[in-house]
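Here the structure comes first, spelled out in structure tokens, and everything after it is commentary.
Protein chains: 2
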Amino acid sequence: MIRITKQTDYGIVLLTHLAANPERQLNAPELAAETRLPLPMVSKILKLLAREGLLASHRGVKGGYGLARHAEEISMAEIIAALEGPIAITECVSVEGDCSHEPLCPVRSNWQRINTAVRAALEGIALSEMTHAKPGGPQGLVTLGSGGRAAFTPAAAFQEV
Amino acid sequence: MIRITKQTDYGIVLLTHLAANPERQLNAPELAAETRLPLPMVSKILKLLAREGLLASHRGVKGGYGLARHAEEISMAEIIAALEGPIAITECVSVEGDCSHEPLCPVRSNWQRINTAVRAALEGIALSEMTHAKPGGPQGLVTLGSGGRAAFTPAAAFQEV
DNA sequence: GAAATTCGTACCGAAACAGTCCTGTTTTAG
DNA sequence: CTAAAACAGGACTGTTTCGGTACGAATTTC
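Note that the protein sequences, when read in sequence, are chains A and B. FYI, in my numbering the residues of the first sequence are 1 to 161. FYI, in my numbering the residues of the second sequence are 1001 to 1161.
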């Protein structure tokens, strides 16, 4: 469904919250409380984001997390890539002869194109843009798809295209 | 991972194959053979595409499938939407007070934006463009992500962004 | 040195996905 | 008019991934 995982969903909420409070040093319980997200997940995601270099972590008693860079310099593409795994694009079978019953499989090369288009779209949106509500305003297009999710789903993904 | 399902993957291969042979009327076993895809899946997907109005089906002995419209008039966005389910975009919890601990959750409205960007990218690519190899050529950026998939994976998704 | 906090990893249940099969219904061919 | 070919629509199952949890280790502050 061209959907992102809940992890990424949560991650963006957390990053947005941090971007909105750049002066504060927030730890996992604080972030969980302020975003109304389950603490264990928050903790897990923060670890991931820190390892990927998007967050700077400080251990110890007065530890916590902060953005590693300014919110303007972090793109949605980066965040999603960090939370979803390594940067892999089109993966055909590398074994020749399975896919290429035609001398040159035309489908494959064009996946690159789609990826590039989608990626460009995501790279064009910075984290800082998520902190202030969009001028256009949200037109209530929300047609919830596959039955409401459990408990909290603060930001909740794009499920279809 | 912003990944599409295998169904959609297969579906695009099938549609591309049909777009490349607009004069022919192909049935499920033929398509399965020519695309090297498993027949049961092919059959399943063709049914879905026909129901969604992207394919025109003809029953009976000399039956088969053909594109319902010209390949230029079918966008990637349409295909994906048809195969992945209904058009749902950003789904926040509709219950006020959970998500909106801030008077107006800033994250939510901006998901619309991301969706719009991605959708626009996909709407800009027509099925007809998938039939001929891209001029620029595929630069081999293929870093296969989570271990090769089983058996056949002809076109195989964009896994990360 | 003790307390608080991040870090790493391993684990489990539930849901979604990939794939298969079976039983109809429609159409052409002989 | 009968039979075969092909689509139509579910129901079913195994596997993977995701969401969520738990615990011990490392690190910093007081």
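Ideal placement from N, C-alpha and C gives every residue a C-beta, glycine not left out.
- When the five nearest sequence neighbours on each side are left out, the beta carbons in the same chain lying within less than 6 Å of the beta carbon of A71/A are those of A19, L127 and S128, in order along the chain.
- In the three-state reduction of the DSSP assignment, G53/A falls in the coil class.
- Going by DSSP, L1083/B is part of the alpha helix (DSSP H) stretching over M1076 to E1084.
- For G1011/B, the uninterrupted alpha helix (DSSP H) run begins and ends at K1006 to A1020, by DSSP.
- Among the residues of chain B, those whose CB is under 7 Å from the CB of M76/A are I1114, following chain order.
- In this structure L1122/B touches I114/A by the C-beta definition: roughly 7 Å separates them, less than 8 Å.
- In this structure the region 1059-1076 of chain B does not touch the region 1033-1042 of chain B; the number of beta carbon pairs closer than 8 Å is below three.
- With a 10 Å radius around the Cβ and a threshold of 16 neighbouring Cβ atoms, G1063/B comes out exposed.
- Against chain B, the beta carbon of I45/A has no neighbour under 7 Å; the closest one sits roughly 15 Å away.
- For L1031/B, the enclosing alpha helix (DSSP H) stretches over residues A1028 to T1035.
- The C-alpha of T35/A is placed about 7 Å away from the C-alpha of V13/A.
- Annotation: Q1112/B to M130/A spans about 11 Å, alpha carbon to alpha carbon.
- Listed along chain B is no residue with a C-beta nearer than 8 Å to that of M41/A; the closest approach is about 15 Å.
- Exposed is the label assigned to G1060/B, since fewer than 16 other Cβ atoms lie within 10 Å of its Cβ.
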